[in-house]
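A.B. asks: Just so we're aligned, residue 35 is where the sequence shown starts under the working numbering, counting upward by one.
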Amino acid sequence: MLRRDDIKSRFLEAPGGLTNVLALTGAEEVSLRQAAVQILDTLCAYPPAQPAIVREGGARVLVAQLASEDESLRRTAARVVRGLSRSPHTTPTSLMDPDIVRFLLCLLEEGDEPAEEQEETLCIAYFTKVSSDEGACSELAELGLSRYLIRVLPERRLELQNSA
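(1) Just mark G117 as buried or exposed, buried being the case when its beta carbon has 16 or more other beta carbons within 10 Å.
(2) Can you give me the Cβ contacts of E153 inside the same chain, cut-off strictly under 7 angstroms, excluding the 5 residues immediately before and after it?
(3) Mind pulling the alpha helix (DSSP H) runs of 4 or more residues that sit fully within the region 81–148?
(4) In angstroms, rounded to a whole number, what distance separates the CA positions of R67 and S180?
(5) Using only CA atoms, which one of S119, S102 and I73 lies nearest to V88?
(6) Run through DSSP, which three-state label would G51 get?
(7) Compare the C-alpha of A70 against each of G92, P81, R136 and P49 and name the closest.
(8) In terms of residue numbering, what span does the alpha helix (DSSP H) encompassing G169 cover?
(9) Roughly how many angstroms lie between the CA atoms of S197 and I134, to the nearest whole one?
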């Protein structure tokens, strides 16, 4: 009898398996994108799949789903990227992508409303993982993370003091 990990392993080894799922995340039909992100969510629970997902550009396509109007899709994509960011099986340099950094900073700074908690915890997990590499720290600063933190941290501190 096949175990789930065996199925995930065979899926990863199948020609075009992961590539086709990642391609589905770009479909116009929301249900196809939801199905693809659900598959990635399931695969992400299998540690050997995590570096493969990142290597094939999975973090980038998952972050792009955060712009979707579908809340379920956004929530699942955020959970998967957060899982990849927290995984000991992915490296800071493999996750570092200037486009992801820019997108996440825009997401955090979007409009007058603060980012949703799911999105904010995803960003914290991603930036924490990537910044654990010395070389990435300077690149993160150049991309604007330090400006964002300098602006937001005093506001957060005041919020915490007022709520205590």
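For each residue, glycine too, the CB sits at the ideal point set by N, CA and C.
C.D. replies: The structure says:
(1) Burial call: buried.
(2) In the same chain as E153, and ignoring 5 residues on each side of it, the C-beta atoms closer than 7 angstroms to its own belong to L100, A112 and L141, in chain order.
(3) Counting only runs of 4 or more, we get 83–89, 92–98, 105–120, 126–129 and 132–143.
(4) Their Cα atoms are separated by approximately 33 angstroms.
(5) For the residues S119, S102 and I73, the minimum Cα distance to V88 belongs to S119.
(6) Of the three classes helix, strand and coil, the one that applies to G51 here is helix, per DSSP.
(7) The shortest Cα separation from A70 among G92, P81, R136 and P49 belongs to G92.
(8) From DSSP, the alpha helix (DSSP H) with G169 extends over E168 to L177.
(9) Taken atom to atom, the span from the alpha-carbon of S197 to that of I134 is near 32 angstroms.
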